[in-house]
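In what follows, a single structure is set out as structure tokens and then discussed.
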Amino acid sequence: MHNLIIYGGTFDPIHKGHLNTAINVQNHFNFDQFIFLPCKIPVHKNDAIATTKQRIEMLKLALKNLNKNFTIDLYEINRESPSYMVDTLEYFRHQLGANAAITLLLGADSFLQLPEWHQWERLLTLGNLLVMKRASTDDTRVPAALKKLLISHETDNSNTILNNPSGFIYRFDAGNFDVSSTWIRQRLAENKEITNYLPQEVLQYIKQNNLYKTEH
Numbered sequence: 434m435h436n437l438i439i440y441g442g443t444f445d446p447i448h449k450g451h452l453n454t455a456i457n458v459q460n461h462f463n464f465d466q467f468i469f470l471p472c473k474i475p476v477h478k479n480d481a482i483a484t485t486k487q488r489i490e491m492l493k494l495a496l497k498n499l500n501k502n503f504t505i506d507l508y509e510i511n512r513e514s515p516s517y518m519v520d521t522l523e524y525f526r527h528q529l530g531a532n533a534a535i536t537l538l539l540g541a542d543s544f545l546q547l548p549e550w551h552q553w554e555r556l557l558t559l560g561n562l563l564v565m566k567r568a569s570t571d572d573t574r575v576p577a578a579l580k581k582l583l584i585s586h587e588t589d590n591s592n593t594i595l596n597n598p599s600g601f602i603y604r605f606d607a608g609n610f611d612v613s614s615t616w617i618r619q620r621l622a623e624n625k626e627i628t629n630y631l632p633q634e635v636l637q638y639i640k641q642n643n644l645y646k647t648e649h
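The opening position of the sequence shown corresponds to residue 434 in this note's numbering, with each subsequent residue numbered one higher.
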């Protein structure tokens, strides 16, 4: 059975938190394909935000020497209309067929916000969810709708999401990488040290293209 995982994000810029999460997930699960899915973001008045082309270039630079199963998919970037994750999963399901095991990687915060997503109840009919656990995650914050979802769909066997097309949730501790793209941009705007948080090639690209100089 073909299996893959989708890691969506703005990646503005991609940083070592993203990469270490991806590497730890892939080392544990060994997905046939690990897809980085940059999302489309609206044209922003703040010119500190990288362009779509620049975000993709930084992704390519960050991934070029990593696991050969790491790939980039531009489906959401190339869509004319606003893209919801349910549409994206439908696209991959249509492309790969009913039997492929498709998993969506979600951070702990994104999982808590899931009930706010468009047609979120349909996600598990189209794929599985791999939810990142954090040491600080407090289950009392989990909305009632998600608690119900976990009772019905959570598995404690990590192989389940590799061997089933859809319908399962597995929570995984990929490590605590307390860094965000917003924080990275702020550091860069303030000309503060950032070397330990970005791949060298990405940092070099940012400097060459004078990115993130005016964060408000």
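We put the beta carbon where it would ideally sit given N, CA and C, even for glycine.
Proximity below 9 Å, CB of residue i to CB of residue j
i, j, result
"Q546", "Y517", "no"
"F525", "L437", "yes"
"E634", "A495", "yes"
"P471", "T484", "no"
"G600", "T558", "yes"
"Q466", "H435", "yes"
"Y630", "R620", "yes"
"G560", "L522", "yes"
"I447", "P632", "yes"
"A622", "K640", "no"
"Q487", "L636", "no"
"E513", "Y638", "no"
"T443", "S585", "no"
Beta-carbon separation (whole angstroms), residue i vs residue j, contact threshold 8 Å
i, j, result
"K493", "I505", "7 Å"
"D520", "I482", "Actually they are not in contact, since the Cβ atoms of D520 and I482 sit about 24 Å apart, beyond 8 Å."
"A541", "K581", "With 8 Å as the limit, A541 and K581 do not qualify as a contact, their Cβ atoms being about 18 Å apart."
"F610", "G450", "4 Å"
"I468", "Y440", "7 Å"
"Y603", "L563", "6 Å"
"N502", "F462", "Rounded, the Cβ-Cβ distance is 10 Å, inconsistent with contact."
"P548", "L579", "7 Å"
Limits of the unbroken alpha helix (DSSP H) element including residue i
i, result
"L545", "A541 to L545"
"R620", "S614 to A622"
"L494", "T485 to L496"
"M518", "M518 to L529"
"I474", "Looking at the DSSP string, I474 is not in any alpha helix (DSSP H), and its letter there is neither H nor E."
"V635", "Q633 to Q641"
"T593", "T593 to N596"
"I510", "Y508 to N511"
Delimiting residues of the beta strand (DSSP E) encompassing residue i
i, result
"F610", "Taken as a continuous stretch (DSSP letters only), F610 belongs to no beta strand (DSSP E), as it is neither H nor E."
"R604", "I602 to F605"
"N561", "N561 to M565"
"I584", "Here I584 belongs to no beta strand (DSSP E); instead the alpha helix (DSSP H) covers A577 to H586."
"I482", "That residue, I482, is in no beta strand (DSSP E); it is neither H nor E in DSSP."
"I627", "Segment: none, I627 is in no beta strand (DSSP E) and carries neither H nor E."
Residue-chain proximity (residue i, chain D), Cβ-Cβ < 9 Å
i, result
"K640", "Within the model displayed, chain D is absent; a lone protein chain is all it includes."
Residue i Cβ short of 8 Å to the ligand MN heavy atom set
i, result
"K449", "Among the components modelled here there is no ligand, and therefore nothing to report on the ligand MN."
| query | Are there three or more Cβ pairs, one per stretch, closer than 8 Å when the region 522-538 is compared with the region 585-603? | reply | Yes, the region 522-538 is in contact with the region 585-603.
| field | beta strand (DSSP E) segments (min. 3 residues) lying fully within the region 436-462 | value | For the region 436-462, whole beta strand (DSSP E) runs of length 3 or above, ordered along the chain, are 436-442.
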